[in-house]
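Chemist: Okay, handing you the structure first.
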Amino acid sequence: MQSVVDFARGPLFAVAILVFVLGMARHVVLQVHGLITNKGRRLQRVSWLRMVRESLGWVFPVRHLVRGTVFISLTSFVFHVGALLVPLFYAGHVVLWRRFLGIGLPAVGRVAGDVLTLATCACCLFLLGFRAVVPRARQLSRFGDYLVLAMVFVSFATGFMAAHPRFNPLPWTGMYLVHILGAEVLLVAAPFTKLSHIVLFAFDRISLVHWQLRPGAGDRVAEALYGEEARV
Amino acid sequence: MSSNLVPIAEIPAPPKRRLLYHLENTSSEGKSERFLRAFAAVLHYGDYKTLLDAYSASSAKCSRCVVMCPLYQVTNDPQYIPCVRAGRLLDVYKRHFTVGGWLGSRVGARPSMTDDDVDEIADLFYRCTVCRRCSLECPMGLDHGLITRLGRYVLSMAGIAPKALQVSVREQLEGTTRNTSKVPTPALIDTLEFLGDELEGTVGAPLRFPIDQFDREYVFFCAVSDYLMEPDTLMGNAAVIHAAGDWENWTIGSGNFDGINYGLFYNDWHLERIVRRLLAEAHRLRGRKILIGECGHASRTAREFVPVFGGSEALPVVSFLEYTLEQLEKGKIQLDPDVVTERVTYHDPCNLARSGWLVEQPRQILRAFVKNFVEMEPHGRANYCCGGGGGLVSMNETQEFRMTVAGQVKADQIRRTGAQLVVAPCANCKKQLKELVAHHKIPCEVVGMHDLILRAINVPDGPSAKERQRRRAEPGAA
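Following this line, the structure appears as structure tokens:
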């Protein structure tokens, strides 16, 4: 069992992190490359300042508390705070980043880590319940939406229990292994699921750029489909 | 199909989807192939791939867009959920145009597109007014207006498009009259002469509209319906220009006077060609700026797409609302604040307000001469669509849909204000709102901004606004 844990903590984690970083980088590179080669000089015509300002307004989205979305917005906000801070800055994880990526991040204290983790777990359950119960959320959810959220919950919950063996009725090694493997599955799956919104949100925010259509494209499409005599 | 030994009860076939609009020539064979071929061409020659790659991987399905959509609010029907609708097109993209989709298809995870899918996409994508209210509240920033337009673009290049829009664009681009309402140029000139005579009642002398004048500051375009069916708006425009002393500074081109551009709603190819024609007419007359009358999509098309398609030959575009506000602020036009006594509210046309372009300016104009002004809730950038956006208002067969589904929230909004006048500076919105208030029996009148200005403007040499109001109220007045 210990050898399995060591394998999961060592080489397997390296692979998972590699897939995650490369996968996300691929998204970013493809987007940037696409924007530069396709839009080119048309990128200048868009108001970048305005897009940046609108994006910043979403970091603390007080203005976006529309009636009917208040619960989901607050829950999602708290969820993201914990989901970002704990994997990155929790003391147990900071060691990992230093070892595998060579980055030194500040560590957040034990108590803060516990509070954030519990808050995130609670939010996961609320969000799962929201998705399953509220009709409009149920109507647009697919299996993958539930699965990803459940996996996040499992990772955070088992991480908390691994850090607090007193609350843990199951064998510690098993809990630890589930935590590591669960997190690794998420890391590997991230670039291929909606988790890629971690990097892609920036490229959605700049949708204004995509209204800069390519001149001449329409003529060429019509000619390709209908020949020289293309008519309306 | 093998025959059954045991008789099975006849299960009626599911009802064929009743499309919201009438189609222009389609053959039913190979629809999915035609759609995919058109999609491939659009992706190859256009630059939508980057957009689709980003959107297909990043929608978090948070359901905020659903809350904003007026159609969902009225029906609670999942077919109107923006993410779900966009997902139909994105699924086709992923399955047929990405490596991941191809791999998935090898393991049977993704079915390929069928003819029924094309029909469903055609129906769903025309049940959206492209108001983009959903985009305001998407935390990712997804613009579903872009996806709806892309879907319609591919459909129309595959030969599936609403007849009403196709016929208008065909006349505008390939017909002899070069406008969407088939108005022959001599009829336009006659109409303008008639309107010029009518304006004597406002400005004190008949005006001669400057047609085909060269080297003027402004070349004017408006929705062609303003020349015939909504002349009050055009007369209001003319009165403002005359009062501001700019009568020698503008012109209307007989080669192209229709600012309408249905390409914005459903086809990038038409969009570009119509914009280029507009710009070419402005250049033919050696004008320095393009002035757009009261039409939401015409204003937005010119403002956003003249720079895109005109490049270095683009001219600055000015909306008439901006022009009038400028004249008002300079003190060049006088509006009598005692003429419009009714309670007035303002409808924000999606194409003017959603991007934040013209939100405060029309209100500043109204506050200059309207004492009893109320805002509807919500107003400004987050205001609701009239229900006729995205070209739907031009398709008569969608009337019931527009009255009972798409425009229901708007009707309730208007009723709640208790207003007697609704100002809507957009030709399409006016048409839709007039039908809406009649259908829902709301006791109010729908007018354009310059219709109201025509009532209140005081031109030094002409009869005063109060005098004109008195004449209008006389029994037997025209």
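Chains A and B are the protein sequences, given in the same order. In terms of this note's numbering, the first sequence opens at residue 5 and continues consecutively. In terms of this note's numbering, the second sequence opens at residue 545 and continues consecutively. Beta carbons are placed, not taken as given, at the ideal position from N, Cα and C, and that holds for glycine. On a predicted model such as this, the values are computed, not experimentally measured, just so you know.
Give a yes or no on whether the minimum CB-CB distance between Arg714/B and chain A is below 8 angstroms.
Modeler: Within the second sequence, the letter at position 170 stands for residue 714/B. Taking Cβ atoms only, chain A reaches closer than 8 angstroms to Arg714/B, which makes this a yes.
Chemist: Hey, is Phe207/A's beta-carbon within less than 8 angstroms of any beta-carbon in chain B?
Modeler: Here residue 207/A corresponds to residue number 203 of the first sequence, with the count starting at 1. So yes, Phe207/A belongs to the interface.
Chemist: Relative to the C-alpha of Ile818/B, which residue among Arg722/B, Cys839/B, Thr889/B, Arg907/B is closest?
Modeler: Locating residue 818/B in the second sequence gives position 274, where the first residue counts as 1. Out of Arg722/B, Cys839/B, Thr889/B, Arg907/B, Arg722/B has the C-alpha closest to the C-alpha of Ile818/B.
Chemist: Please list, in chain order, the chain A residues whose beta carbon lies closer than 8 angstroms to that of Thr673/B.
Modeler: To locate residue 673/B, count along the second sequence from 1; it is residue 129. Going along chain A, no residue has its Cβ under 8 angstroms from Thr673/B, so there is no contact; the nearest lies around 18 angstroms.
Chemist: On a CA-only basis, which of Ala20/A, Leu120/A, Leu181/A is nearest Val82/A? Give me that one, please.
Modeler: For the purposes of this step, residue 82/A is taken as residue 78 along the first sequence, with counting starting at 1. With distances taken between Cα atoms, Val82/A lies closest to Leu120/A.
Chemist: Under 7 angstroms Cβ to Cβ from Met947/B, same chain only, skipping five residues before and after it: list those, please.
Modeler: Within the second sequence, numbered from 1, the residue matching residue 947/B stands at position 403. Excluding sequence neighbours, Met947/B sits near Glu979, Leu980, His983.
Chemist: Taking all protein chains shown into account, decide if Thr942/B is buried (16 or more other Cβ within 10 angstroms of its Cβ) or exposed.
Modeler: As a position in the second sequence, residue 942/B is number 398, starting the count at 1. Buried, because 16 or more other Cβ atoms sit within 10 Å of the Cβ of Thr942/B.
Chemist: Taking a contact to mean a Cβ-Cβ separation below 8 angstroms, would you say Ile184/A touches Arg13/A in this structure?
Modeler: Counting from one through the first sequence, the residue named residue 184/A turns up at place 180. Counting from one through the first sequence, the residue named residue 13/A turns up at place 9. A contact, by the Cβ cut-off of 8 angstroms.
Chemist: Using the Cα positions of Ile625/B and Cys613/B, report the straight-line distance between them to the nearest angstrom.
Modeler: As a working mapping, residue 625/B is identified with position 81 in the second sequence. As a working mapping, residue 613/B is identified with position 69 in the second sequence. C-alpha separation (whole angstroms): 8 angstroms.
Chemist: Between the beta-carbon of Cys970/B and the beta-carbon of Gly803/B, is there less than 8 angstroms?
Modeler: Indexing the second sequence from 1 puts residue 970/B at position 426. Indexing the second sequence from 1 puts residue 803/B at position 259. No.
Chemist: Looking only at DSSP bridge pairs, what is Trp794/B linked to?
Modeler: Along the second sequence, one-based indexing puts residue 794/B at 250. In the DSSP output, where bridge partners are listed per residue, Trp794/B has Tyr762/B.
Chemist: Among the candidates Phe945/B, Glu715/B, Val953/B, whose CA atom is the shortest distance from the CA of Ala926/B?
Modeler: In the second sequence, counting from the first residue as 1, residue 926/B sits at position 382. Residue Val953/B is the option with its Cα nearest to Ala926/B.
Chemist: Mind checking Ser546/B: buried by the 16 CB within 10 Å criterion, or exposed?
Modeler: Here residue 546/B refers to the residue found at position 2 of the second sequence. Note that Ser546/B scores a pLDDT of 47, beneath 50, so its modelled location is shaky; the value from the coordinates is reported in the next line. With fewer than 16 other Cβ atoms within 10 Å, it is exposed.
Chemist: Looking at the structure shown, is Lys198/A part of a helix, part of a strand, or coil, going by DSSP?
Modeler: For this step, residue 198/A is matched to residue 194 along the first sequence. Three-state result, Lys198/A: helix.
Chemist: Is there a C-beta anywhere in chain B that falls below 8 angstroms from the one on Gly117/A?
Modeler: If you number the first sequence from 1, residue 117/A lands on position 113. Not closer than 8 angstroms to any Cβ of chain B, the Cβ of Gly117/A fails to qualify, so no.
Chemist: I'd like the list of long-range same chain contacts for Ile909/B, defined as Cβ closer than 8 angstroms, with 5 residues on each side in sequence excluded.
Modeler: For the purposes of this step, residue 909/B is taken as the residue at position 365 of the second sequence. Correct list, in chain order: Leu865, Thr868, Leu869, Leu872, Met993, Ile997.
Chemist: Could you tell me if Leu191/A is buried or exposed, where buried requires 16 or more neighbouring beta carbons within 10 angstroms of its beta carbon?
Modeler: Residue 191/A sits at position 187 when you count from the first residue of the first sequence. Answer is buried; the Cβ neighbour count reaches 16.
Chemist: Are the region 914 to 924 of chain B and the region 876 to 892 of chain B touching, with three or more C-beta to C-beta distances below 8 angstroms?
Modeler: Segments in contact, yes.
Chemist: Across which residues does DSSP place Ile834/B in a beta bridge pair?
Modeler: Stepping through the second sequence from its first residue, residue 834/B is reached at position 290. Answer is Val763/B, Val861/B, bridged to Ile834/B.
Chemist: Take Thr961/B and list the residues in its own chain whose beta-carbon comes closer than 6 angstroms to its own, dropping the five residues that flank it on each side.
Modeler: The residue labelled residue 961/B in the question sits at position 417 within the second sequence. Taken in chain order, the residues that qualify are Thr889, Val918, Met920.
Chemist: Output the residue ranges of the alpha helix (DSSP H) runs that lie fully inside the region 671 to 736 of chain B and measure 4 residues or longer, sorted by chain position.
Modeler: Runs of the alpha helix (DSSP H) inside the region 671 to 736 of chain B: 677 to 680, 688 to 701, 707 to 718.
Chemist: Does Trp791/B have its Cβ less than 8 angstroms from a Cβ in chain A?
Modeler: If you number the second sequence from 1, residue 791/B lands on position 247. No, Trp791/B lies away from the interface with chain A (no Cβ there is under 8 angstroms from its Cβ).
Chemist: Quick one: what's got a C-beta closer than 8 angstroms to Thr79/A's C-beta in the same chain, skipping five residues either side?
Modeler: As a working note, residue 79/A is residue 75 in the first sequence. Correct list, in chain order: Cys127, Phe130, Leu131, Phe134.
Chemist: Give the interface partners of Met939/B over in chain A, defined as CB-CB distance under 7 angstroms, in chain order.
Modeler: Against the second sequence, residue 939/B aligns to sequence position 395. The premise fails here: Met939/B is roughly 16 angstroms from chain A at the closest Cβ pair, so nothing lies under 7 angstroms.
Chemist: From Val711/B to Leu896/B, what distance separates their C-alpha atoms?
Modeler: As a first step, residue 711/B must be located in the second sequence, where it is residue number 167. As a first step, residue 896/B must be located in the second sequence, where it is residue number 352. Cα to Cα, Val711/B sits roughly 26 angstroms from Leu896/B.
Chemist: Out of Arg999/B, Arg1016/B, Pro893/B, His814/B, which has the shortest C-alpha to C-alpha gap to Ala782/B?
Modeler: Here residue 782/B corresponds to residue number 238 of the second sequence, with the count starting at 1. It is Arg999/B.
Chemist: For a minimum of 4 consecutive residues, which ranges assigned as the alpha helix (DSSP H) are wholly contained in the region 63 to 102 of chain A?
Modeler: Here the runs fully enclosed are 74 to 93.
Chemist: By Cβ distance, which residues of its chain are closer than 7 angstroms to Val990/B, with the 5 residues on each side in sequence left out?
Modeler: Walking along the second sequence from the start, residue 990/B turns up at place 446. These residues qualify, in order along the chain: Val966, Ala968, Lys974, Leu977, Lys978, Val981.
Chemist: Taking 8 angstroms as the CB-CB cut-off, is Leu595/B touching chain A?
Modeler: As a working note, residue 595/B is residue 51 in the second sequence. Taking Cβ atoms only, chain A reaches closer than 8 angstroms to Leu595/B, which makes this a yes.
Chemist: Only counting runs of 3 or more residues, tell me where the beta strand (DSSP E) segments fall wholly within the region 910 to 989 of chain B, in order along the chain.
Modeler: 965 to 967, all fully within the region 910 to 989 of chain B.
Chemist: Please report whether the beta-carbon of Pro91/A lies at a distance below 8 angstroms from any beta-carbon of chain B.
Modeler: Residue 91/A sits at position 87 when you count from the first residue of the first sequence. Answer no: the Cβ-Cβ gap between Pro91/A and chain B never drops below 8 angstroms.
Chemist: Under 8 angstroms between C-beta atoms, does Arg67/A make it to chain B?
Modeler: By one-based count along the first sequence, residue 67/A stands at place 63. No, Arg67/A lies away from the interface with chain B (no Cβ there is under 8 angstroms from its Cβ).
Chemist: What number of angstroms, rounded off, separates the C-alpha of Val949/B from the C-alpha of Arg959/B?
Modeler: As a working note, residue 949/B is residue 405 in the second sequence. As a working note, residue 959/B is residue 415 in the second sequence. So the alpha carbons of these two residues sit roughly 16 angstroms apart.
Chemist: Val203/A by DSSP, collapsed to three states: which one?
Modeler: Start at 1 with the first residue of the first sequence, and residue 203/A comes out as number 199. In this structure, Val203/A counts as helix in the three-state DSSP scheme.
Chemist: Compile a chain-ordered list of the residues in the region 223 to 235 of chain A whose CB is closer than 7 angstroms to at least one CB of chain B.
Modeler: The region 223 to 235 of chain A vs chain B, Cβ under 7 angstroms: Asp223, Arg224, Val225, Ala226, Ala228, Leu229, Arg235.
Chemist: Can you give me, in chain order, the residues of the region 692 to 715 of chain B that have a beta carbon less than 7 angstroms from any beta carbon in chain A?
Modeler: Cβ contacts with chain A come from Met701, Gln710, Val713, Arg714.
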